[in-house]
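Reviewing the structure listed below.
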Amino acid sequence: DAKTTQPNSMESNEEEPVHLPCNHSTISGTDYIHWYRQLPSQGPEYVIHGLTSNVNNRMASLAIAEDRKSSTLILHRATLRDAAVYYCILRDDQGAQKLVFGQGTRLTINP
Amino acid sequence: KAGVTQTPRYLIKTRGQQVTLSCSPISGHRSVSWYQQTPGQGLQFLFEYFSETQRNKGNFPGRFSGRQFSNSRSEMNVSTLELGDSALYLCASSFGGEYNEQFFGPGTRLTVL
Chain L
1 DAKTTQPNSM
11 ESNEEEPVHL
21 PCNHSTISGT
31 DYIHWYRQLP
41 SQGPEYVIHG
51 LTSNVNNRMA
61 SLAIAEDRKS
71 STLILHRATL
81 RDAAVYYCIL
91 RDDQGAQKLV
101 FGQGTRLTIN
111 P
Chain Y
1 KAGVTQTPRY
11 LIKTRGQQVT
21 LSCSPISGHR
31 SVSWYQQTPG
41 QGLQFLFEYF
51 SETQRNKGNF
61 PGRFSGRQFS
71 NSRSEMNVST
81 LELGDSALYL
91 CASSFGGEYN
101 EQFFGPGTRL
111 TVL
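Keeping their order, the protein sequence lines are chains L and Y. At position 100 of the first sequence the residue is numbered 100 (the working numbering), and the sequence of numbers has no breaks. At position 85 of the second sequence the residue is numbered 85 (the working numbering), and the sequence of numbers has no breaks.
Next up, the structure:
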């Protein structure tokens, strides 16, 4: 399973953008980059995923480096409800549902 | 539509006992995966079922088993419980195809005394 490296924790202020980095230097050509987050006392929830191009959805944006060895999850305007552990996961999307979670980044949002 | 439901939400057992946890996926989802979450090991994949067949398995001992029914509902069983089995057990469902967003349930908190 390809591995990812994320900072253990990050802190930001409410209504400011947040950039969560992820390194995945051993990524293969068929690996998709997925992000999930886990809010306190809840199961993880899907945030976004991409392969090569930057992606946007209602929750966040995903910026993928040209060499695909790193990516950044961008929360454009953080709210207190965005405080969670964010996981960057590589998946070979051949139908396998296995998610390999690392330790993730614990994001704290200050009011 | 209704989300993934897991029952029971909390469970207390003693060492040596066995336990069965249940997961009802989102309607239309055919894949159900199970994960164990502990403070020390984080989130670890247990196994995945798709159309009543185990399709993928994590690195857990044989005491951990599961099954899936024709309506896609799934159960996981842990026999001969050990103290280290105390954890949050999470179930996730998806369509199982190329669009692989997984939807997680709230989990079952198992405490082994």
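Positions of the beta carbon are idealized from the N, C-alpha and C atoms, including for glycine.
Task: The beta strand (DSSP E) enclosing S25 of chain L, as first and last residue numbers - done: One-based indexing of the first sequence puts residue 25 of chain L at position 25. Run containing S25 of chain L: none; DSSP gives neither H nor E here.
Open item on the list: For a contact defined as C-beta to C-beta under 7 Å, what are the partners of Q102 of chain Y on chain L?
Closed with: Start at 1 with the first residue of the second sequence, and residue 102 of chain Y comes out as number 102. Chain L residues near Q102 of chain Y: Y46, Q97 and L99.
Task: Cβ shell of T5 of chain Y (< 7 Å), same chain only, five flanking positions each side left out - done: Within the second sequence, numbered from 1, the residue matching residue 5 of chain Y stands at position 5. Counting only Cβ-Cβ distances below 7 Å, and skipping sequence neighbours, we find S24 and G105.
TODO: Per DSSP, which residues does S61 of chain L bridge with? Please list them.
DONE: As a first step, residue 61 of chain L is located in the first sequence; it is residue number 61 there, counting from the start. In the DSSP assignment, S61 of chain L is bridged to L:N56 and L:I74.
Task: Any C-beta of chain L under 7 Å from that of F60 of chain Y - done: Taking the second sequence and counting its residues from 1, one reaches residue 60 of chain Y at position 60. Not closer than 7 Å to any Cβ of chain L, the Cβ of F60 of chain Y fails to qualify, so no.
Task: Straight-line Cα distance separating S31 of chain Y from I74 of chain L - done: Reading the first sequence from its first residue, position 74 is the one you call residue 74 of chain L. Reading the second sequence from its first residue, position 31 is the one you call residue 31 of chain Y. Taking the straight line from one Cα to the other gives about 29 Å.
Open item on the list: At a CB distance below 7 Å, what residues from the stretch 53–82 of chain Y approach chain L? Give them in sequence order.
Closed with: Shown in chain order are the members of the stretch 53–82 of chain Y whose Cβ falls below 7 Å from a Cβ of chain L: N56.
TODO: Could you pull out every residue in the same chain whose Cβ sits closer than 7 Å to the Cβ of F50 of chain Y, ignoring the five residues on either side in sequence?
DONE: Residue mapping note: residue 50 of chain Y aligns to position 50 of the second sequence, counting from 1. If we look at F50 of chain Y and ignore the five residues flanking it on each side, its Cβ neighbours are R30, S31 and G96.
Open item on the list: Can you give me the C-alpha to C-alpha distance between S9 of chain L and R37 of chain L, rounded to a whole angstrom?
Closed with: As a working note, residue 9 of chain L is residue 9 in the first sequence. As a working note, residue 37 of chain L is residue 37 in the first sequence. Whole-angstrom Cα-Cα distance: 13 Å.
Open item on the list: Residues of the stretch 65–91 of chain L in Cβ contact with chain Y at a cutoff of 7 Å, in chain order, please.
Closed with: Shown in chain order are the members of the stretch 65–91 of chain L whose Cβ falls below 7 Å from a Cβ of chain Y: R91.
TODO: Compare the C-beta of G29 of chain L with all C-beta atoms of chain Y and state if any pair is closer than 7 Å.
DONE: Position 29 of the first sequence, counting from 1, holds the residue named residue 29 of chain L. No, G29 of chain L does not count as interfacial toward chain Y.
Open item on the list: Distance check for C88 of chain L and E101 of chain Y, CA to CA, integer angstroms please.
Closed with: For the purposes of this step, residue 101 of chain Y is identified with residue 101 of the second sequence, where counting begins at 1. For the purposes of this step, residue 88 of chain L is identified with residue 88 of the first sequence, where counting begins at 1. Cα to Cα, the separation comes out at about 14 Å.
Open item on the list: According to DSSP, simplified to helix, strand and coil, what is G62 of chain Y?
Closed with: The residue you call residue 62 of chain Y lines up with position 62 of the second sequence. Coil at G62 of chain Y, not helix or strand.
Open item on the list: Using C-beta distances below 7 Å, list every residue in its chain close to Q68 of chain Y, excluding the 5 sequence neighbours before and after it, in chain order.
Closed with: Position 68 of the second sequence, counted from the start, is the residue given in the question as residue 68 of chain Y. V32, Y49, E52 and S74.
TODO: Below 8 Å CB to CB, which residues in the same chain sit around V19 of chain Y once its five sequence neighbours on both sides are set aside?
DONE: Position 19 of the second sequence, counted from the start, is the residue given in the question as residue 19 of chain Y. Excluding positions up to five away in sequence, the list reads L11, K13, N77, V78, L81 and L110.
- [ ] Measure from the alpha carbon of R15 of chain Y to the alpha carbon of each residue in Y:S72, Y:G84, Y:S93 and Y:A92, then state which is nearest.
- [x] Numbered from its first residue, the second sequence carries residue 15 of chain Y at position 15. Nearest in C-alpha terms to R15 of chain Y, of all of Y:S72, Y:G84, Y:S93 and Y:A92, is Y:G84.
Open item on the list: Contact criterion: CB-CB distance below 7 Å. Does G43 of chain L meet it with respect to chain Y?
Closed with: Within the first sequence, residue 43 of chain L is the residue found at index 43, counting from 1. Among the residues facing chain Y, G43 of chain L is included, as its CB has a counterpart in that chain under 7 Å away.
Task: Length of the line joining the Cα atoms of T26 of chain L and R68 of chain L - done: Position 26 of the first sequence, counted from the first residue, corresponds to residue 26 of chain L. Position 68 of the first sequence, counted from the first residue, corresponds to residue 68 of chain L. A straight line joining the alpha-carbon of T26 of chain L with that of R68 of chain L spans about 9 Å.
Task: Exposure of L107 of chain L, with buried meaning 16 or more beta-carbon neighbours within 10 Å - done: Taking the first residue of the first sequence as 1, we reach residue 107 of chain L at position 107. The residue is buried, with at least 16 neighbouring Cβ atoms inside 10 Å.
Open item on the list: Between G66 of chain Y and Y89 of chain Y, how many whole angstroms is the CB-CB distance? I'm expecting something under 8 Å.
Closed with: If you number the second sequence from 1, residue 66 of chain Y lands on position 66. If you number the second sequence from 1, residue 89 of chain Y lands on position 89. At roughly 11 Å, the Cβ-Cβ gap does not stay under 8 Å, so G66 of chain Y and Y89 of chain Y are not in contact.
Task: Whole-angstrom distance between T38 of chain Y and A87 of chain Y, CA atom to CA atom - done: Looking up residue 87 of chain Y in the second sequence gives position 87. Looking up residue 38 of chain Y in the second sequence gives position 38. The straight-line gap separating the alpha-carbon atoms of A87 of chain Y and T38 of chain Y is approximately 5 Å.
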